[in-house]
Structure formats: C-alpha cells, structure tokens
Amino acid sequence: MANSRKKHNVVNLHPEVPQLTVQEMVKEINRLKDEAFHFNYRIAKCLLRALEFKDIYTYEHSARVAYYSVKTGEELGLGQKDLTKLELASFFHDIGKMGIPDSILLKPARLEEAEFHLMKSHPEKSYQILLEFCEEGGGASADFQEIALAARHHHERYDGRGYPCGLKGEAIPLFARIILIADTFDAMTSNRPYRKGLPYEVAFSELREFSGDQFDKNLVETFISAMGKDKSKGAAEFYLNIHPHPFKKEAA
Ligand SMILES: [Fe+2]
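See below:
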C-alpha cells in the first residue's frame with residue numbers, strides 16, 4: 002500500500018501524477034524505452050518496404066548482408082539486443098542509395114568518375130536517414146545512434162583508406178567492420194545477370210587475402226567459421242526477425 006512506503010523511496014511528481022517509488026519509476030522508464038524502440042522498429046520496417054519498391058536488388062542484397070552479419074554476431078557471442086541492432090544496421094546499411102538517382106544506381110555499365118563520386122555519398126545518406134530515429138534522446142535513441150553510425154562507416158577499411166571518414170582499425174565501429182565483410186561476401190557470391198556468383202571457398206580466400214588491409218583479420222576468421230557452419234546446414238532460405246517472409250540465399 003502507498004501509505005506503508007518509506008517516505009525517502011517515493012519520488013514526488015506533479016500532484017496529478019501518482020506517486021511512484023524509485024523502483025517503479027525505473028521500471029516505467031525502461032518500459033517507455035522499450036516502447037520507443039519498438040515504435041522505431043515499426044517505422045524502420047516501412048522504410049525497408051520503400052527500399053524494396055525502389056531497388057529490389059539492393060533490398061535483397063541488404064537482407065542477405067543482415068543474415069550473414071547476424072550469423073557472425075552469434076559466432077562472436079553477442080547478446081540478443083546487440084544481434085537485433087546488428088540486424089537492423091546491416092539491413093539498413095545501404096538505405097542511403099534511395100537518394101542516388103536511378104540513372105546511376107541502376108546503370109548497367111561502369112560508372113563515370115563523377116557518378117562514382119555521387120554513389121560514394123550513400124553511407125553518409127544512410128546515416129542522415131537513420132539519424133531521424135535519434136532526435137528525441139534517451140535509450141531507444143542511443144540504440145539507433147549505434148545503428149546509424151554502423152551504416153555511415155560500412156565502407157571504411159581496416160587500413161584507414163576507406164570512406165567517408167578514413168577511420169582505421171578498431172576506431173571503426175564493430176558492426177560496420179562486420180557489415181563490410183558480409184557485404185563484400187555477398188557481392189562476390191550472389192548471381193548477377195552478367196555472371197554467376199563465386200563458390201563460398203573462393204570468396205573465403207578472397208576475404209583472407211585482403212585481411213588486415215581492407216578487413217579486420219579476426220572478424221574474417223569469425224565470419225568464415227560462421228558461414229562454414231551455416232553452409233553445413235544447407236538451407237536455401239533464411240528468415241530475419243524484422244521480416245516475416247523467407248529470403249533466398251544465393252551463395253553456392
Ligand atoms: Fe554500401
């Protein structure tokens with residue numbers, strides 16, 4: 002009963018707001034943070050649907066990158082909340098491509114220098130889009146801040162010669178280092194109209210060759226270990242938490 006509460010454990014609010022103990026207040030704050038995260042999560046799903054309509058190739062590629070990233074995160078022993086954030090960050094890493102003109106994004110030939118320069122602005126655009134989830138402050142915003150930063154830095158190289166900021170080594174956020182490996186792996190192994198994707202083993206060798214320069218060496222080994230286990234399961238389809246329908250794997 003409220004009357005039996007010790008006075009020093011009660012937080013005094015506006016007279017019309019019921020008095021809460023500190024524990025009740027903390028519980029309520031956490032509930033509101035969870036509610037805000039899940040609300041943002043639903044808005045995020047809307048954005049992904051927009052990407053699906055804009056560019057189905059980038060959408061399906063991003064889904065595979067999310068799957069490979071989460072498998073890598075599981076291999077690293079990340080907790081469920083981090084895995085959820087990693088799934089979101091990797092599914093959204095290229096969302097900024099919505100801001101690239103179709104004439105460049107869907108061009109079936111090699112890009113001119115100026116076009117490539119514009120294309121390279123997509124991580125910063127992803128960041129700008131995802132920052133919109135972060136303006137209110139608080140716990141849910143901190144989670145989306147991490148997601149936005151991972152998208153911004155997914156083209157940074159371990160040796161510091163990437164973009165947009167030239168970050169080096171472990172200054173690059175962990176999620177961004179994972180996404181770069183998963184992204185490159187999918188680019189090598191997925192089928193395109195003009196070529197068939199590479200087998201897993203060939204792609205693994207390529208990743209190892211550029212370990213330490215382009216990629217975080219330890220994460221490449223974690224990734225290969227995770228993919229080896231995944232391949233042994235042999236499933237042709239996969240699921241993501243954010244989407245109820247199955248996606249097809251393309252890697253052979
Ligand atoms: Fe990208």
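Each residue of the sequence shown is one higher than the last, beginning at 2 in our numbering. Here a beta-carbon is modelled for each residue, glycine too, at the ideal position from N, C-alpha and C.
Using only the heavy atoms of ligand 1, determine whether one of them is closer than 7 Å to the beta carbon of Asp-184.
Numbered from 1 along the sequence shown, position 183 holds the residue referred to as residue 184. Yes; taking the cut-off as 7 Å, the Cβ of Asp-184 has a heavy atom of ligand 1 nearer than that.
Going by DSSP in three states, Arg-196 sits in which element: helix, strand or coil?
The residue given as residue 196 occupies position 195 in the sequence shown. Three-state DSSP puts Arg-196 in a strand.
Hey, is Pro-165 close to ligand 1, as in C-beta under 7 Å from one of its heavy atoms?
By one-based count along the sequence shown, residue 165 stands at place 164. No, since every heavy atom of ligand 1 falls outside the 7 Å radius drawn around the Cβ of Pro-165.
Quick one: is His-39 buried, meaning 16 or more other Cβ sit within 10 Å of its Cβ, or exposed?
Taking the sequence shown and counting its residues from 1, the one referred to as residue 39 is at position 38. Burial call: exposed.
Assign Pro-247 to buried or exposed, taking buried as 16 or more other Cβ atoms, counted over all protein chains shown, within 10 Å of its Cβ.
Within the sequence shown, residue 247 is the residue found at index 246, counting from 1. A residue is called buried once 16 or more other Cβ atoms fall within 10 Å of its Cβ, and Pro-247, having fewer, is exposed.
In terms of DSSP beta bridges, what is Glu-238 paired with?
Locating residue 238 in the sequence shown gives position 237, counting from the first residue. Looking at the DSSP output, Glu-238 sits in a beta bridge with Lys-249.
Short of 7 Å in beta carbon distance, which residues of its chain neighbour Lys-55, apart from the five on each side in sequence? Order them along the chain.
For the purposes of this step, residue 55 is taken as residue 54 along the sequence shown, with counting starting at 1. Taken in chain order, the residues that qualify are Met-99.
Just checking Asp-144 against ligand 1 - is the residue's beta carbon closer than 7 Å to any of the ligand's heavy atoms?
In the sequence shown, the residue the question calls residue 144 occupies position 143. Residue side-chain check: Asp-144 keeps its Cβ at 7 Å or more from all non-hydrogen atoms of ligand 1.
State buried or exposed for Cys-135, treating a residue as buried only when at least 16 other CB atoms are found within 10 Å of its CB.
On the sequence shown, residue 135 is found 134 positions in, with the first residue counted as 1. With 16 or more Cβ atoms within 10 Å of its Cβ, Cys-135 is classed as buried.
Quick one: what does DSSP say His-244 is sitting in, helix, strand or coil?
On the sequence shown, residue 244 is found 243 positions in, with the first residue counted as 1. DSSP places His-244 in strand when its eight states are reduced to three.
For Asn-192, count neighbouring Cβ atoms within 10 angstroms of its own Cβ and tell me buried if that reaches 16, exposed if not.
Looking up residue 192 in the sequence shown gives position 191. With fewer than 16 other Cβ atoms within 10 Å, it is exposed.
Return the chain-ordered list of same chain residues with a C-beta closer than 7 Å to the C-beta of Tyr-237, the five sequence neighbours on each side being excluded.
Here the question's residue 237 lines up with position 236 in the sequence shown. In the sequence as presented, Tyr is not what sits at residue 237; that position holds Ala. Non-local C-beta neighbours of Ala-237 in its own chain, meaning closer than 7 Å and more than five positions away in sequence, comprise Lys-249 and Lys-250, ordered along the chain.
Which residue marks the beginning of the alpha helix (DSSP H) containing Met-120, and which one marks its end?
Within the sequence shown, the letter at position 119 stands for residue 120. Start and end: 114–120.
Closest by C-alpha distance to Gln-215, when choosing among Cys-47, Pro-19 and Ile-173
Reading the sequence shown from its first residue, position 214 is the one you call residue 215. The option with the nearest alpha carbon to Gln-215 is Ile-173.
What is the DSSP secondary structure of Ser-212, reduced to helix, strand or coil?
Position 211 of the sequence shown holds residue 212. Strand, per DSSP.
Rounded to whole angstroms, what is the Cα-Cα separation between Glu-125 and His-154?
Taking the first residue of the sequence shown as position 1, residue 125 is located at position 124. Taking the first residue of the sequence shown as position 1, residue 154 is located at position 153. Rounded to the nearest angstrom, the gap between the Cα atoms of Glu-125 and His-154 is 8 Å.
Same chain only: Cβ atoms within 6 Å of Thr-190, ignoring 5 sequence neighbours per side:
Counting from 1 along the sequence shown, the entry for residue 190 is found at position 189. Around Thr-190: Gly-198, Leu-199, Ala-204 and Ala-252.
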